[in-house]
Each structure stands twice: as C-alpha cells, then as structure tokens.
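I have placed the structure first, in the form of structure tokens, so that the comments after it can refer back to it.
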Amino acid sequence: MRYAILSDIHANLEALDAVLHDAASQHIDRTVCLGDLVGYGADPQACLARLDALQPLSVAGNHDWGCIGKLSQSWFNEAARQALLWTRDRLSFAELDALRRLPLVATEDPLTIVHATLKSPERFDYLMDVAQVVDTATMCRTLYCVVGHTHVPLLIEYSLSRKAVTGFLARSEELRDVHLTLDASTRCVINPGSVGQPRDGDPRASYAVLDVDRKTLSVRRVPYDVATAQRKIREAGLPGILADRLAVGR
Ligand code: ZN
C-alpha cells in the first residue's frame, strides 16, 4: 500500500495541482490529508473540490476550525485572521459543512493521522520538542503517526521498549528514499511538510510518499507556479505578506 501524504495545502491551487500531478506518477493507492485545507491562499473552493474527488483519509487543521468558528479568531495572527474571514465569506454552506465534519484524529491501520499532536489535538500545539514527540509516539496505537502543522518535513523513529528516539531526519535532502528500520515497538512520526506554504526555506511544494509494505518514505519537493499563486492572493485583496512568503518558503 502506497500513500500520498498531503498537509497544509492552504488554498494554494497551483501548489496542489503540481503535487497531484507528481503523485500521479508514484503508483499511489490512497491519499491522506492532514488538514489546513484553507486559509492564506486564494483558491479555497477549487482546492476543496480537488480533494473531494480523491476522498482522502482526512483530519481538520486549526485554519479549518477557525473558518467554521470552532477555534477563536484570537488564536490567529492578523494576516491569518483576515484570510480566514475572507475564506469564510467565499465558501458555500456545503463546503463549510464538509470542514465541520472533519475529525481531529483518524486511524486507518497502520496509520494514525492528526494535524498537530495526539496529546491535545484540539489545542493545535506544535510538535517541535522531544516531550511532544514522546507524548504523541507513546499515545499512538499504530506503527505510523502522521502529523502536519509545522510546515516543515520531519521523520522521527521512537522505540517504545527502549523509551528512546532512535532516528531523526529533518531535511528534505535526507528524506529521499529512506528505508525505515521498524519493529513492533517502534513508532514512526512523519511530517510531510506543507503543500501550499512551505516554511523550511525551500519554496517548492512538499509532500510525502509512504510505502508501508516496502517500509520506505520519500519527501518529494515539487516546483510550482509561485508567481500565479502570489498574483491571485494580491488580486483577492489578501495581506501581501501571504504572497511574499511563498517566494522564499518562510
Ligand atoms: Zn498550516
């Protein structure tokens, strides 16, 4: 079984289409979407339609929750808040309802998926320190725990029996064709990076291909038409910073 793992699309249609085109050559059986479908970008409706056609295993992100009022506007910075209000005004009742029905955690063995952390998924904490990694890995009941939210790719292997991190890779160059060394007591925490707003200094769209039979993981970086995505953001009257940052991947 080969999964395409997409996260943090953020209504960036140019990036999403480039990723789906790349994934079409990867013999994918199932698509996984880790949330933050909307917010920041200018094409929320088209991105929702693309994903709806794929029927991915999905969870909600903080921007999806902000859009439907499940998370307070005060949670977000000013640019994100403006983008959420703009997005909410453009989505239909059915589209907002589709966001509302997304769960916070979903499991389809051997994957458990969550936008942020398993300990408190509704708080949308950033899984960035060892304590958060250990909590999430320990709570996960499946071999793989797949997360998003930070917009930075990451692979951590954690041994439940040794109570130790046994593998850590955080750069895209290191995350090509990785052979995972897993046993029954390992938890593999994977972040595929962000499709629509990468923040690791590489502006190319990021997603992951996970083969659970061969136990291989590849984070794939895909160039896309950044200039068009930027132009649409500016023409929509969204904050300029949301367009500017796409060029630098920060
Ligand atoms: Zn996000």
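Going by this note's numbering, the first residue of the sequence shown is number 2, and it counts up by one from there.
Even for Gly, the Cβ is constructed at its ideal location relative to N, Cα and C.
Contact belief for residue i with residue j at Cβ below 8 Å, rounded distance in angstroms
i           : j           : result
residue 112 : residue 145 : 5 Å
residue 141 : residue 119 : 6 Å
residue 138 : residue 188 : 4 Å
residue 216 : residue 44  : The Cβ separation is near 35 Å, so there is no contact.
Close beta carbons around residue i, own chain, < 6 Å, minus the five adjacent residues each side
i          : result
residue 31 : 4
Beta-carbon proximity check, residue i vs residue j, cutoff 8 Å
i           : j           : result
residue 68  : residue 36  : no
residue 42  : residue 197 : yes
residue 156 : residue 128 : no
residue 194 : residue 154 : yes
residue 159 : residue 135 : yes
residue 131 : residue 122 : no
residue 58  : residue 49  : no
residue 85  : residue 61  : no
residue 206 : residue 25  : no
residue 2   : residue 184 : no
Proximal residues to residue i (C-beta, below 7 Å), its chain only, five neighbours per side dropped
i          : result
residue 23 : 221, 223
residue 47 : 14
Close beta carbons around residue i, own chain, < 8 Å, minus the five adjacent residues each side
i           : result
residue 124 : 117, 118
residue 248 : 204, 227, 231
residue 133 : 118, 120, 126, 127
residue 173 : 154, 194, 201, 203, 207, 220, 222
Quick test of the definition: if touching needs 3 or more C-beta pairs under 8 Å, does the segment 156-172 touch the segment 5-23? The count of Cβ pairs closer than 8 Å, one atom from the segment 156-172 and one from the segment 5-23, stays below three, leaving the stretches out of contact.
Run the Cβ filter for me: residues under 5 Å from any heavy atom of the ligand ZN, listed in the order they occur in the chain. After applying the 5 Å Cβ criterion, the set is 9, 37.
Counting pairs of Cβ atoms below 8 Å between the segment 75-84 and the segment 236-243, do you hit three or more? These segments touch.
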